[in-house]
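The structure appears right after this line, and notes come after that.
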Amino acid sequence: MKPGGTGGKTGGSGDDSVGGGGGGGAGDLVMVNEGKGVFGLSDLMKAEAEVMGSGGLGSAYKAVMANGLALVVKRVRDMTRVGKESFDAEMARLGRLTHPNVLPPLAYHYRKDEKLLVYEHIPKGSLLYVLHGDRGLDHASLDWPTRLKIVRGIAHGLAHIHAVLPFIEAPHGNLKSANVLLSLNFEPLLVDYGFLPLVNPAQAATVMQALRSPEVLAGRPISPRCDVYCLGVLILELLTGKFPSQYLTNVKGGTDVVNWATTAIGEGREAEVLDPAIVSGAKSSVPEMKRLVHVGVECTEADPDQRLVLKDAVDRIEEVVAAEAQDGAGERSARRVGSIGERSARRSDDGCSFAIS
1 MKPGGTGGKT GGSGDDSVGG GGGGGAGDLV MVNEGKGVFG LSDLMKAEAE VMGSGGLGSA
61 YKAVMANGLA LVVKRVRDMT RVGKESFDAE MARLGRLTHP NVLPPLAYHY RKDEKLLVYE
121 HIPKGSLLYV LHGDRGLDHA SLDWPTRLKI VRGIAHGLAH IHAVLPFIEA PHGNLKSANV
181 LLSLNFEPLL VDYGFLPLVN PAQAATVMQA LRSPEVLAGR PISPRCDVYC LGVLILELLT
241 GKFPSQYLTN VKGGTDVVNW ATTAIGEGRE AEVLDPAIVS GAKSSVPEMK RLVHVGVECT
301 EADPDQRLVL KDAVDRIEEV VAAEAQDGAG ERSARRVGSI GERSARRSDD GCSFAIS
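The letter at position 292 of the sequence shown is residue 292 when you use full-length UniProt numbering, and the numbering goes up by one with no holes.
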């Protein structure tokens with residue numbers, strides 16, 4: 001499978017082929033999750049390829065198999081922290097994760113200096129793209145109920161990852177909007193989790209989001225609360241609609257959503273940080289939005305000992321969901337009562353008119 005090769009859609013040299021480069025320990029594709037069927041490396045090599053982009057850990061390609069199955073193949077060069085046996089064990093463990101908000105890897109190909117990780121292709125793409133890069137129907141669909149649904153799903157998916165991978169210092173390790181994919185009904189799917197034990201420490205410091213939490217930057221140990229910090233940034237990103245400066249390294253840009261929201265709470269101006277796009281269609285839900293701002297800020301406390309633990313963060317989010325559901329039920333009931341009253345008034349008027357005539 002080569003970008004620009006037979007059936008390819010974008011240009012590229014032979015050295016950029018998904019199967020090319022690097023030596024040592026090359027073998028076939030290892031399936032770790034057969035939920036989408038079983039396929040081999042030769043099947044991938046025959047697939048139509050399209051370059052999707054590149055990130056801190058490597059490049060990503062979309063591969064469409066002969067049977068129509070669409071996959072994403074991630075070509076990673078910096079997962080050389082452990083040997084093949086340990087790598088095999090970690091990937092097998094990640095492939096067994098089962099949760100509605102977690103996307104497990106399907107397969108991998110091991111080489112000493114390069115790995116291929118294979119996932120199901122999710123057509124809608126990442127939350128990063130839909131929230132900040134897309135101005136079409138998908139972006140317009142990110143109203144308040146949808147964003148609350150996404151926050152809830154992210155929190156539950158993260159809690160599952162923490163429950164299954166408790167031996168990893170920060171079980172997700174790289175939680176950010178680029179690593180949250182959206183299903184067709186906007187259900188969030190977490191990806192690129194569990195990589196902290198695999199990535200070279202020097203590279204991890206620059207590409208793993210959990211390692212950018214304030215305590216790690218200050219030299220304190222990595223812990224599960226680093227993931228909670230990342231969750232808080234995501235919550236504030238969804239509420240403000242702004243791209244967080246917390247995602248950037250040595251580059252100016254973005255919005256310091258943590259400082260902005262923290263200052264707003266201190267001054268009683270929480271509503272000012274809310275994305276007008278979610279407020280305009282749900283003014284009655286502003287109190288719930290403000291409650292969620294508080295959750296985001298409490299998840300991003302600079303001192304990890306003052307930060308919410310993940311279970312408490314999930315519980316607080318569920319409280320917002322319950323309050324929103326109750327308010328929605330109240331509004332629907334009020335509308336029904338109003339509608340019944342209007343119909344009764346019309347019948348009364350009709351009756352009077354008939355009597356007079």
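Every residue gets a Cβ at the ideal spot worked out from N, C-alpha and C, and that includes glycine.
Bear in mind the structure is a predicted one, so any value in this text is a computation, not a measurement.
Q | Residues near residue 23 by beta carbon distance below 8 angstroms, same chain, minus five either side | A | For the purposes of this step, residue 23 is taken as residue 23 along the sequence shown, with counting starting at 1. For residue 23, the predicted structure reports a pLDDT of 39, less than 50, and the residue's modelled location is therefore unreliable. The matter cannot be settled from this model.
Check: Thinking C-beta only, is residue 172 closer than 8 angstroms to residue 101?
Finding: Translated into positions along the sequence shown, residue 101 becomes position 101. Translated into positions along the sequence shown, residue 172 becomes position 172. Cβ distance not < 8 angstroms, so residue 101 and residue 172 don't count as in contact.
Ends of the beta strand (DSSP E) at residue 70? For the purposes of this step, residue 70 is identified with residue 70 of the sequence shown, where counting begins at 1. From DSSP, the beta strand (DSSP E) with residue 70 extends over 70-76.
Q.
On the DSSP bridge list, what partners appear for residue 49?
A. Along the sequence shown, one-based indexing puts residue 49 at 49. Note: residue 49 sits in a beta bridge opposite 63.
Determine the direct distance from the alpha carbon of residue 64 to that of residue 227, and round the result to whole angstroms.
One-based indexing of the sequence shown puts residue 227 at position 227. One-based indexing of the sequence shown puts residue 64 at position 64. Using only the alpha carbons, I get a separation of about 33 angstroms.
Check: So residue 76 and residue 126 are in contact, right, with Cβ under 8 angstroms, and what is the actual spacing, rounded?
Finding: In the sequence shown, residue 76 corresponds to position 76, counting from 1. In the sequence shown, residue 126 corresponds to position 126, counting from 1. That pair is no contact at about 17 angstroms.
Exercise. Near residue 56, what residues of its chain come up, given a Cβ to Cβ distance below 6 angstroms and the 5 sequence neighbours on each side ignored?
Worked result: Mapped onto the sequence shown, residue 56 falls at position 56. The answer, listed in chain order, is 207.
Practice task
In angstroms with no decimal places, state the Cα-to-Cα distance between residue 212 and residue 191.
Solution key: Against the sequence shown, residue 212 aligns to sequence position 212. Against the sequence shown, residue 191 aligns to sequence position 191. Each residue's alpha carbon lies about 18 angstroms from the other.
- Query: When the distance is taken between beta carbons, is residue 317 closer than 8 angstroms to residue 152?
  - Reply: To locate residue 152, count along the sequence shown from 1; it is residue 152. To locate residue 317, count along the sequence shown from 1; it is residue 317. Contact: yes.
Taking C-alpha atoms, which residue in 321, 313, 320, 323 lies nearest to residue 159? Here residue 159 refers to the residue found at position 159 of the sequence shown. Among 321, 313, 320, 323, the Cα nearest to that of residue 159 belongs to 313.
_Does residue 126 come out as helix, strand or coil in the three-state DSSP assignment?_
Position 126 of the sequence shown holds residue 126. Looking at residue 126 - three-state DSSP - the assignment turns out to be strand.
Report task. Identify which residue in 240, 275, 239, 144 has its Cα closest to the Cα of residue 282. Result -> Reading the sequence shown from its first residue, position 282 is the one you call residue 282. When only C-alpha atoms are compared, the closest one is 144.
Task: DSSP three-state assignment for residue 287, whether helix, strand or coil - done: Position 287 of the sequence shown, counted from the first residue, corresponds to residue 287. The answer is helix: DSSP assigns residue 287 an H, G or I state.
Q.
Whole angstroms are fine: how far does the CA of residue 108 sit from the CA of residue 26?
A. Taking the sequence shown and counting its residues from 1, one reaches residue 26 at position 26. Taking the sequence shown and counting its residues from 1, one reaches residue 108 at position 108. Note that residue 26 scores a pLDDT of 46, beneath 50, so its modelled location is shaky; the value from the coordinates is reported in the next line. Approximately 11 angstroms between the Cα atoms of the pair.
Option nearest residue 93 by Cα separation, candidates 84, 194, 45:
Locating residue 93 in the sequence shown gives position 93, where the first residue counts as 1. That would be 194, whose Cα lies nearest to the Cα of residue 93.
task = Put residue 21 into one of helix, strand or coil per three-state DSSP.
result = Taking the sequence shown and counting its residues from 1, the one referred to as residue 21 is at position 21. With a pLDDT of 41 at residue 21, under the threshold of 50, the modelled position of that residue is not reliable, and the figure given next carries that caveat. In the structure shown, residue 21 sits in coil (DSSP, three-state: anything other than H, G, I, E or B).
Give the list of continuous beta strand (DSSP E) stretches no shorter than 3 residues that lie fully inside the region 185-229. 188-190
*Do you know whose CA, among 72, 187, 30, lies nearest residue 85's CA?*
One-based indexing of the sequence shown puts residue 85 at position 85. Checked all of 72, 187, 30; the closest Cα to residue 85 is 30.
Which same chain residues end up closer than 7 angstroms to residue 294 when comparing Cβ atoms and leaving out the 5 residues on each side of it in sequence? For the purposes of this step, residue 294 is taken as the residue at position 294 of the sequence shown. 265.
Taking residue 154 as the reference, give the member of 89, 230, 225 with the closest Cα. Stepping through the sequence shown from its first residue, residue 154 is reached at position 154. It is 230 whose Cα lies nearest to the Cα of residue 154.
| request: Tell me whether residue 326 is buried or exposed, calling it buried when 16 or more other Cβ atoms sit within 10 Å of its Cβ. | output: Along the sequence shown, one-based indexing puts residue 326 at 326. The residue is exposed, with fewer than 16 neighbouring Cβ atoms inside 10 Å.
**Request:** Tell whether a beta-carbon distance below 8 angstroms holds between residue 209 and residue 176.
**Result:** Here residue 209 is taken as the residue at index 209 of the sequence shown, counted from 1. Here residue 176 is taken as the residue at index 176 of the sequence shown, counted from 1. Yes, Cβ-Cβ distance for residue 209 and residue 176 is below 8 angstroms.
Check your understanding: What is the rounded straight-line gap between the Cα of residue 235 and the Cα of residue 296?
Key -> On the sequence shown, residue 235 is found 235 positions in, with the first residue counted as 1. On the sequence shown, residue 296 is found 296 positions in, with the first residue counted as 1. Computed Cα separation, rounded: 5 angstroms.
Under 8 angstroms by Cβ, that's how I've got residue 216 and residue 300 pegged, so tell me the actual separation to the nearest angstrom.
Here residue 216 refers to the residue found at position 216 of the sequence shown. Here residue 300 refers to the residue found at position 300 of the sequence shown. No, residue 216 and residue 300 are not in contact; Cβ-Cβ is about 14 angstroms, not under 8 angstroms.
- How many whole angstroms separate the CB atoms of residue 148 and residue 170, which I take to be in contact at a CB cut-off of 8 angstroms? By 1-based counting over the sequence shown, the position of residue 148 is 148. By 1-based counting over the sequence shown, the position of residue 170 is 170. Actually they do not touch by this definition, with Cβ atoms about 25 angstroms apart.
ask   = What distance in whole Å lies between the Cβ atoms of residue 33 and residue 105, which are believed to be in contact at a cut-off of 8 angstroms?
value = In the sequence shown, the residue the question calls residue 105 occupies position 105. In the sequence shown, the residue the question calls residue 33 occupies position 33. Correct: roughly 7 angstroms between the Cβ atoms.
Quiz item: Given that a residue counts as buried once 16 or more other Cβ atoms are within 10 Å of its Cβ, and exposed if not, what is residue 60?
Solution: Here the question's residue 60 lines up with position 60 in the sequence shown. Buried.
Whole-number beta carbon distance between residue 182 and residue 124, since they are thought to touch under 8 angstroms: For this step, residue 124 is matched to residue 124 along the sequence shown. For this step, residue 182 is matched to residue 182 along the sequence shown. Sure, about 5 angstroms apart at Cβ, within 8 angstroms.
Quiz item: Should residue 130 go down as buried or exposed, given a rule of 16 or more other Cβ atoms within 10 Å for buried?
Solution: As a first step, residue 130 is located in the sequence shown; it is residue number 130 there, counting from the start. Buried.
Pop quiz: residue 69 and residue 37 are said to be a contact at Cβ under 8 angstroms. What is the actual Cβ separation, rounded to whole angstroms? The count along the sequence shown starts at 1 and reaches residue 69 at position 69. The count along the sequence shown starts at 1 and reaches residue 37 at position 37. Correct: roughly 7 angstroms between the Cβ atoms.
Considering only their Cβ atoms, is the gap separating residue 273 from residue 239 smaller than 8 angstroms? Within the sequence shown, the letter at position 239 stands for residue 239. Within the sequence shown, the letter at position 273 stands for residue 273. Yes. Within cutoff.
- Measure the C-alpha to C-alpha separation of residue 401 and residue 142 and round it to an integer number of angstroms. Here the chain comprises residues numbered 1 to 357, so residue 401 is not present and cannot be evaluated.
Short check: CB of residue 103 to CB of residue 119, under 8 angstroms?
-> For the purposes of this step, residue 103 is identified with residue 103 of the sequence shown, where counting begins at 1. For the purposes of this step, residue 119 is identified with residue 119 of the sequence shown, where counting begins at 1. Yes, the Cβ-Cβ distance between residue 103 and residue 119 is below 8 angstroms.
query = Apart from the five residues just before and just after residue 168, which ones in its own chain have a Cβ nearer than 7 angstroms to its Cβ?
reply = Position 168 of the sequence shown, counted from the first residue, corresponds to residue 168. Around residue 168: 194, 196, 197.
What's the call for residue 306, buried or exposed, on a 16-neighbour Cβ count within 10 Å?
On the sequence shown, residue 306 is found 306 positions in, with the first residue counted as 1. The residue in question, residue 306, is exposed, as its Cβ has fewer than 16 Cβ neighbours within 10 Å.
message = Tell me the residue span of the beta strand (DSSP E) that contains residue 120.
response = Counting from one through the sequence shown, the residue named residue 120 turns up at place 120. 114-120 is the extent of the beta strand (DSSP E) around residue 120.
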